[in-house]
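Residue numbers (my numbering): 686 to 1046. Each residue gets a CB set at the ideal place from its N, CA and C atoms; glycine is no exception. All of these numbers come straight from a predicted model, not from anything done at the bench. Working notes for the structure below.
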(Lines of atoms letter the chains of each structure in order from A and count residues from 1; the text may use other names and numbers.)
(Lines give C-alpha, C1' and ligand atoms only; values in the text may rest on other atoms or scores of the structure.)
Protein backbone atom coordinates (compact mmCIF):
# COMPACT_ATOMS: atom_id res chain seq x y z
CA UNK A 1 0.00 0.00 0.00
CA UNK A 2 1.39 3.36 -1.05
CA UNK A 3 1.79 6.07 1.57
CA UNK A 4 0.62 9.64 1.14
CA UNK A 5 4.14 10.96 0.63
CA UNK A 6 5.34 8.33 -1.84
CA UNK A 7 4.20 10.77 -4.53
CA UNK A 8 6.64 13.46 -3.35
CA UNK A 9 8.56 15.12 -6.15
CA UNK A 10 12.04 16.56 -5.54
CA UNK A 11 13.00 19.69 -7.43
CA UNK A 12 16.27 21.63 -7.58
CA UNK A 13 15.99 25.39 -7.09
CA UNK A 14 18.28 27.68 -9.09
CA UNK A 15 16.83 31.04 -8.08
CA UNK A 16 17.52 32.86 -4.82
CA UNK A 17 14.12 34.53 -4.98
CA UNK A 18 12.25 31.25 -5.52
CA UNK A 19 14.15 29.44 -2.78
CA UNK A 20 13.64 32.29 -0.32
CA UNK A 21 9.91 32.41 -1.08
CA UNK A 22 9.62 28.66 -0.43
CA UNK A 23 11.66 28.87 2.78
CA UNK A 24 9.39 31.67 4.03
CA UNK A 25 6.58 29.10 4.23
CA UNK A 26 8.53 27.64 7.15
CA UNK A 27 8.87 30.65 9.50
CA UNK A 28 10.94 28.75 12.09
CA UNK A 29 13.62 27.77 9.53
CA UNK A 30 17.16 28.29 10.81
CA UNK A 31 19.26 31.01 9.09
CA UNK A 32 21.83 28.36 8.10
CA UNK A 33 19.20 26.96 5.73
CA UNK A 34 18.96 30.29 3.91
CA UNK A 35 20.09 30.95 0.35
CA UNK A 36 22.63 33.42 1.74
CA UNK A 37 24.38 30.68 3.73
CA UNK A 38 24.51 28.36 0.74
CA UNK A 39 25.81 31.16 -1.48
CA UNK A 40 28.52 31.95 1.06
CA UNK A 41 29.59 28.32 1.35
CA UNK A 42 29.76 28.01 -2.45
CA UNK A 43 32.75 30.37 -2.30
CA UNK A 44 34.45 28.25 0.36
CA UNK A 45 34.67 24.81 -1.20
CA UNK A 46 31.05 23.66 -1.25
CA UNK A 47 28.48 23.35 -4.03
CA UNK A 48 24.89 24.41 -3.39
CA UNK A 49 22.14 21.84 -3.93
CA UNK A 50 18.98 23.69 -2.83
CA UNK A 51 16.14 21.18 -3.00
CA UNK A 52 12.40 21.28 -2.39
CA UNK A 53 10.06 18.31 -2.01
CA UNK A 54 6.53 18.95 -3.24
CA UNK A 55 3.23 17.11 -2.94
CA UNK A 56 0.65 18.06 -5.56
CA UNK A 57 2.69 21.19 -6.28
CA UNK A 58 2.83 22.29 -2.64
CA UNK A 59 6.22 22.49 -0.87
CA UNK A 60 6.27 20.23 2.19
CA UNK A 61 10.03 20.14 2.84
CA UNK A 62 13.09 22.10 1.77
CA UNK A 63 16.83 21.83 2.30
CA UNK A 64 19.89 23.91 1.54
CA UNK A 65 22.10 20.90 0.87
CA UNK A 66 25.81 21.43 0.42
CA UNK A 67 28.09 19.08 -1.52
CA UNK A 68 31.84 18.77 -1.33
CA UNK A 69 34.16 16.38 -3.20
CA UNK A 70 36.21 13.94 -1.17
CA UNK A 71 39.82 14.58 -2.31
CA UNK A 72 41.51 11.99 -4.52
CA UNK A 73 38.29 9.99 -4.95
CA UNK A 74 35.26 10.09 -7.28
CA UNK A 75 33.04 10.47 -4.20
CA UNK A 76 31.40 13.40 -2.42
CA UNK A 77 29.76 14.23 0.90
CA UNK A 78 26.41 15.98 1.47
CA UNK A 79 25.49 18.21 4.39
CA UNK A 80 22.31 20.03 5.44
CA UNK A 81 23.29 22.52 8.19
CA UNK A 82 20.35 22.85 10.62
CA UNK A 83 18.16 21.09 8.08
CA UNK A 84 16.22 19.77 6.32
CA UNK A 85 13.26 22.04 7.05
CA UNK A 86 9.86 20.41 7.44
CA UNK A 87 7.09 19.69 9.91
CA UNK A 88 8.86 17.11 12.07
CA UNK A 89 5.64 16.42 13.97
CA UNK A 90 4.43 14.72 10.77
CA UNK A 91 5.96 11.27 11.28
CA UNK A 92 5.17 9.95 7.80
CA UNK A 93 6.69 13.01 6.15
CA UNK A 94 9.91 13.00 8.18
CA UNK A 95 10.44 9.29 7.50
CA UNK A 96 9.86 9.81 3.78
CA UNK A 97 12.39 12.66 3.66
CA UNK A 98 14.98 10.48 5.41
CA UNK A 99 14.44 7.82 2.74
CA UNK A 100 14.70 10.39 -0.06
CA UNK A 101 17.95 11.77 1.37
CA UNK A 102 19.38 8.26 1.51
CA UNK A 103 18.57 7.78 -2.17
CA UNK A 104 20.00 11.19 -2.99
CA UNK A 105 23.27 10.25 -1.29
CA UNK A 106 23.69 7.32 -3.64
CA UNK A 107 22.71 9.31 -6.75
CA UNK A 108 25.28 12.00 -5.85
CA UNK A 109 27.95 9.35 -5.10
CA UNK A 110 28.10 10.68 -1.56
CA UNK A 111 29.91 8.55 0.98
CA UNK A 112 27.60 10.10 3.54
CA UNK A 113 24.82 12.60 3.93
CA UNK A 114 24.94 14.57 7.17
CA UNK A 115 21.87 16.30 8.54
CA UNK A 116 21.70 18.55 11.59
CA UNK A 117 17.98 19.24 11.97
CA UNK A 118 16.71 21.98 14.23
CA UNK A 119 14.82 19.45 16.36
CA UNK A 120 14.89 19.63 20.15
CA UNK A 121 15.67 16.42 22.02
CA UNK A 122 15.32 17.86 25.54
CA UNK A 123 15.04 21.20 27.35
CA UNK A 124 16.63 22.49 30.53
CA UNK A 125 20.19 22.76 31.80
CA UNK A 126 21.25 20.57 34.70
CA UNK A 127 18.07 18.42 34.63
CA UNK A 128 16.95 18.18 31.02
CA UNK A 129 13.34 17.25 30.28
CA UNK A 130 13.02 14.89 27.25
CA UNK A 131 11.03 16.04 24.23
CA UNK A 132 8.94 13.13 22.84
CA UNK A 133 9.20 14.44 19.26
CA UNK A 134 12.99 14.54 19.39
CA UNK A 135 13.12 11.05 20.88
CA UNK A 136 10.80 9.69 18.18
CA UNK A 137 12.84 11.26 15.39
CA UNK A 138 16.06 9.75 16.75
CA UNK A 139 14.36 6.34 16.70
CA UNK A 140 13.30 6.94 13.07
CA UNK A 141 16.90 7.66 12.10
CA UNK A 142 18.38 4.73 13.98
CA UNK A 143 16.04 2.17 12.44
CA UNK A 144 17.04 3.43 8.97
CA UNK A 145 20.75 3.10 9.56
CA UNK A 146 21.61 6.70 10.45
CA UNK A 147 24.42 7.15 12.97
CA UNK A 148 25.10 9.91 15.47
CA UNK A 149 27.95 11.81 13.85
CA UNK A 150 31.42 11.88 15.33
CA UNK A 151 31.70 15.34 13.74
CA UNK A 152 29.27 17.82 15.31
CA UNK A 153 29.85 20.91 13.16
CA UNK A 154 27.27 23.26 14.69
CA UNK A 155 26.51 23.81 18.36
CA UNK A 156 24.36 20.93 19.51
CA UNK A 157 22.96 22.84 22.48
CA UNK A 158 21.75 26.40 22.44
CA UNK A 159 19.90 28.91 24.60
CA UNK A 160 16.70 30.55 23.39
CA UNK A 161 14.51 33.39 24.62
CA UNK A 162 10.76 33.62 24.01
CA UNK A 163 10.05 37.03 22.47
CA UNK A 164 6.26 36.70 22.47
CA UNK A 165 6.22 38.08 26.02
CA UNK A 166 5.88 41.82 26.68
CA UNK A 167 9.21 43.64 26.77
CA UNK A 168 8.82 44.57 30.43
CA UNK A 169 8.23 40.92 31.34
CA UNK A 170 11.36 39.82 29.47
CA UNK A 171 13.43 42.32 31.44
CA UNK A 172 11.74 41.53 34.75
CA UNK A 173 12.39 37.78 34.40
CA UNK A 174 16.14 38.21 33.92
CA UNK A 175 18.44 37.54 36.85
CA UNK A 176 18.82 40.55 39.12
CA UNK A 177 22.55 40.85 38.35
CA UNK A 178 21.88 40.93 34.60
CA UNK A 179 19.30 43.70 34.95
CA UNK A 180 21.73 45.59 37.18
CA UNK A 181 24.53 45.33 34.60
CA UNK A 182 22.26 46.53 31.79
CA UNK A 183 21.41 49.64 33.80
CA UNK A 184 25.00 50.04 34.96
CA UNK A 185 26.21 50.22 31.36
CA UNK A 186 23.77 53.05 30.71
CA UNK A 187 24.82 54.90 33.86
CA UNK A 188 28.46 54.53 32.84
CA UNK A 189 27.67 56.29 29.56
CA UNK A 190 27.84 53.30 27.23
CA UNK A 191 25.85 53.95 24.07
CA UNK A 192 24.75 51.53 21.35
CA UNK A 193 24.52 52.36 17.67
CA UNK A 194 23.57 50.42 14.55
CA UNK A 195 26.61 49.47 12.50
CA UNK A 196 27.05 49.49 8.74
CA UNK A 197 29.21 47.62 6.23
CA UNK A 198 31.90 50.23 6.87
CA UNK A 199 32.23 48.80 10.39
CA UNK A 200 33.04 45.24 9.25
CA UNK A 201 36.85 45.74 9.46
CA UNK A 202 36.38 47.07 13.02
CA UNK A 203 34.25 44.03 13.83
CA UNK A 204 36.93 41.69 12.48
CA UNK A 205 39.53 43.37 14.68
CA UNK A 206 37.32 43.06 17.77
CA UNK A 207 36.65 39.40 16.98
CA UNK A 208 40.36 38.66 16.65
CA UNK A 209 40.94 40.30 20.05
CA UNK A 210 38.16 38.18 21.54
CA UNK A 211 39.61 34.95 20.14
CA UNK A 212 43.04 35.73 21.60
CA UNK A 213 41.61 36.58 25.02
CA UNK A 214 39.30 33.56 25.20
CA UNK A 215 41.70 31.20 23.42
CA UNK A 216 39.50 29.88 20.61
CA UNK A 217 40.47 29.42 16.96
CA UNK A 218 38.91 31.56 14.25
CA UNK A 219 38.91 31.52 10.46
CA UNK A 220 40.78 34.02 8.29
CA UNK A 221 39.51 37.60 8.28
CA UNK A 222 38.37 37.26 4.65
CA UNK A 223 35.89 34.55 5.65
CA UNK A 224 34.13 36.71 8.24
CA UNK A 225 34.05 39.71 5.93
CA UNK A 226 32.39 37.44 3.35
CA UNK A 227 29.85 36.16 5.90
CA UNK A 228 28.86 39.65 7.00
CA UNK A 229 28.75 41.07 3.48
CA UNK A 230 26.64 38.16 2.19
CA UNK A 231 24.03 38.39 4.95
CA UNK A 232 24.06 42.19 4.80
CA UNK A 233 23.25 42.16 1.09
CA UNK A 234 20.50 39.61 1.74
CA UNK A 235 18.94 42.00 4.26
CA UNK A 236 19.38 39.46 7.07
CA UNK A 237 22.15 41.10 9.13
CA UNK A 238 21.90 43.59 11.96
CA UNK A 239 25.08 44.93 13.57
CA UNK A 240 25.10 46.71 16.93
CA UNK A 241 28.17 48.43 18.37
CA UNK A 242 28.61 49.57 21.97
CA UNK A 243 30.79 52.64 22.49
CA UNK A 244 32.10 54.84 25.26
CA UNK A 245 33.22 58.38 24.44
CA UNK A 246 33.25 57.42 20.76
CA UNK A 247 35.49 54.38 21.31
CA UNK A 248 34.12 50.97 20.22
CA UNK A 249 33.98 48.52 23.14
CA UNK A 250 31.96 45.57 21.83
CA UNK A 251 29.72 44.44 18.99
CA UNK A 252 27.12 41.80 18.17
CA UNK A 253 26.04 40.41 14.81
CA UNK A 254 22.41 39.30 14.60
CA UNK A 255 21.21 37.19 11.67
CA UNK A 256 17.45 37.05 11.29
CA UNK A 257 15.31 34.73 9.20
CA UNK A 258 11.56 34.30 9.51
CA UNK A 259 10.63 34.36 13.19
CA UNK A 260 14.15 33.71 14.47
CA UNK A 261 16.92 36.15 15.40
CA UNK A 262 20.29 34.43 15.80
CA UNK A 263 23.09 35.95 17.88
CA UNK A 264 25.80 34.69 15.55
CA UNK A 265 28.90 36.63 16.59
CA UNK A 266 29.93 38.65 19.60
CA UNK A 267 33.19 40.54 20.03
CA UNK A 268 34.76 42.94 22.51
CA UNK A 269 38.06 44.63 23.22
CA UNK A 270 40.11 44.38 26.41
CA UNK A 271 39.40 47.83 27.83
CA UNK A 272 36.49 49.38 29.73
CA UNK A 273 35.01 45.96 30.44
CA UNK A 274 33.74 47.15 33.83
CA UNK A 275 31.28 49.34 31.96
CA UNK A 276 29.40 46.10 31.08
CA UNK A 277 28.84 46.91 27.38
CA UNK A 278 27.97 43.33 26.42
CA UNK A 279 24.91 43.28 28.70
CA UNK A 280 23.48 46.43 27.18
CA UNK A 281 24.27 45.15 23.68
CA UNK A 282 22.29 41.96 24.24
CA UNK A 283 19.33 43.86 25.63
CA UNK A 284 19.31 46.21 22.65
CA UNK A 285 19.58 43.22 20.28
CA UNK A 286 16.66 41.48 22.01
CA UNK A 287 14.50 44.62 21.78
CA UNK A 288 15.43 45.06 18.11
CA UNK A 289 14.55 41.43 17.29
CA UNK A 290 11.19 41.73 19.03
CA UNK A 291 10.44 44.95 17.13
CA UNK A 292 11.08 43.09 13.85
CA UNK A 293 8.39 40.56 14.72
CA UNK A 294 10.75 37.75 15.71
CA UNK A 295 9.30 35.32 18.24
CA UNK A 296 12.58 33.63 19.20
CA UNK A 297 16.01 35.00 20.10
CA UNK A 298 18.68 32.32 19.79
CA UNK A 299 21.82 32.96 21.85
CA UNK A 300 23.57 30.30 19.67
CA UNK A 301 25.66 27.93 21.71
CA UNK A 302 25.67 26.32 25.14
CA UNK A 303 27.90 23.79 26.93
CA UNK A 304 27.90 20.15 25.86
CA UNK A 305 27.94 19.26 29.54
CA UNK A 306 26.71 21.69 32.20
CA UNK A 307 29.81 21.48 34.37
CA UNK A 308 32.37 24.19 35.13
CA UNK A 309 35.08 22.34 33.22
CA UNK A 310 33.16 22.69 29.94
CA UNK A 311 34.85 25.10 27.51
CA UNK A 312 31.65 27.15 27.20
CA UNK A 313 30.86 27.45 30.90
CA UNK A 314 31.77 31.14 31.05
CA UNK A 315 29.61 31.89 28.02
CA UNK A 316 26.75 29.97 29.62
CA UNK A 317 27.01 31.95 32.86
CA UNK A 318 26.54 35.13 30.85
CA UNK A 319 23.63 33.84 28.74
CA UNK A 320 21.66 32.22 31.54
CA UNK A 321 21.31 35.60 33.22
CA UNK A 322 18.79 36.54 30.52
CA UNK A 323 16.45 33.76 31.73
CA UNK A 324 16.60 31.91 28.43
CA UNK A 325 15.79 28.21 27.95
CA UNK A 326 18.42 25.59 27.18
CA UNK A 327 17.52 23.51 24.12
CA UNK A 328 19.37 20.23 23.56
CA UNK A 329 19.07 19.38 19.86
CA UNK A 330 19.29 15.93 18.32
CA UNK A 331 22.62 16.95 16.80
CA UNK A 332 24.24 15.92 13.52
CA UNK A 333 23.50 12.46 12.12
CA UNK A 334 25.15 10.67 9.20
CA UNK A 335 23.74 8.19 6.74
CA UNK A 336 26.68 6.11 5.45
CA UNK A 337 25.72 5.27 1.87
CA UNK A 338 29.04 3.43 1.50
CA UNK A 339 29.72 1.98 4.97
CA UNK A 340 33.32 0.86 4.46
CA UNK A 341 34.30 4.16 2.83
CA UNK A 342 32.45 6.01 5.59
CA UNK A 343 34.49 4.24 8.23
CA UNK A 344 37.73 5.13 6.45
CA UNK A 345 36.61 8.73 5.93
CA UNK A 346 35.80 9.12 9.62
CA UNK A 347 39.35 8.09 10.45
CA UNK A 348 40.82 10.54 7.93
CA UNK A 349 38.39 13.44 8.41
CA UNK A 350 40.19 15.20 11.29
CA UNK A 351 43.38 15.41 9.22
CA UNK A 352 41.37 16.54 6.19
CA UNK A 353 39.74 19.36 8.20
CA UNK A 354 43.12 20.51 9.49
CA UNK A 355 44.43 20.60 5.93
CA UNK A 356 41.45 22.70 4.81
CA UNK A 357 41.97 25.19 7.63
CA UNK A 358 45.62 25.58 6.73
CA UNK A 359 44.74 26.19 3.08
CA UNK A 360 42.08 28.77 4.01
CA UNK A 361 44.41 30.63 6.36
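Residues that residue i bridges to, as DSSP identifies them
i            : result
residue 1019 : 799 and 832
residue 995  : Beta-bridge pairing links residue 995 to no other residue.
residue 926  : 878 and 936
residue 1010 : 845
residue 696  : 737
residue 765  : 800
residue 732  : 752
residue 951  : 937
residue 982  : 846 and 946
Secondary structure of residue i, DSSP reduced to three states
i           : result
residue 749 : strand
residue 907 : helix
residue 809 : coil
residue 804 : coil
residue 710 : coil
residue 737 : strand
residue 912 : helix
residue 964 : helix
residue 772 : coil
residue 758 : coil
residue 742 : coil
residue 918 : helix
residue 866 : helix
residue 942 : strand
residue 688 : coil
residue 988 : coil
residue 815 : strand
residue 824 : helix
residue 977 : coil
residue 727 : coil
residue 901 : coil
residue 861 : helix
residue 777 : helix
residue 718 : helix
8 angstroms contact criterion, which residue i and residue j should meet: CB distance rounded
i            : j            : result
residue 1020 : residue 771  : About 16 angstroms; that fails the 8 angstroms criterion.
residue 916  : residue 910  : With a Cβ gap of about 11 angstroms, residue 916 and residue 910 do not count as contacting.
residue 941  : residue 979  : 6 angstroms
residue 891  : residue 954  : 6 angstroms
residue 947  : residue 985  : 6 angstroms
residue 839  : residue 801  : 5 angstroms
residue 693  : residue 785  : 7 angstroms
residue 695  : residue 738  : 5 angstroms
residue 842  : residue 1000 : So it is not a contact: roughly 11 angstroms between Cβ atoms.
residue 888  : residue 919  : The pair is not a contact, with the Cβ atoms about 17 angstroms apart (cut-off 8 angstroms).
| query | Using 8 angstroms as the threshold, is the region 956-964 in touch with the region 865-876, meaning 3 or more CB pairs across them? | reply | yes
| task | Taking 8 angstroms as the threshold, find out whether the region 708-717 comes into contact with the region 922-929 through three or more Cβ pairs. | result | no
| message | Three or more C-beta pairs under 8 angstroms: does that hold for the region 818-835 against the region 966-982? | response | no
| request: Could you tell me whether the region 757-770 touches the region 782-797, where touching means 3 or more Cβ pairs closer than 8 angstroms? | output: yes
| said: Three or more C-beta pairs under 8 angstroms: does that hold for the region 778-791 against the region 991-1007? | reply: no
| Contact between the region 883-901 and the region 840-852 (3+ Cβ pairs under 8 angstroms) | no
| Would you say the region 743-751 touches the region 719-726, given that touching needs at least three Cβ pairs under 8 angstroms? | yes
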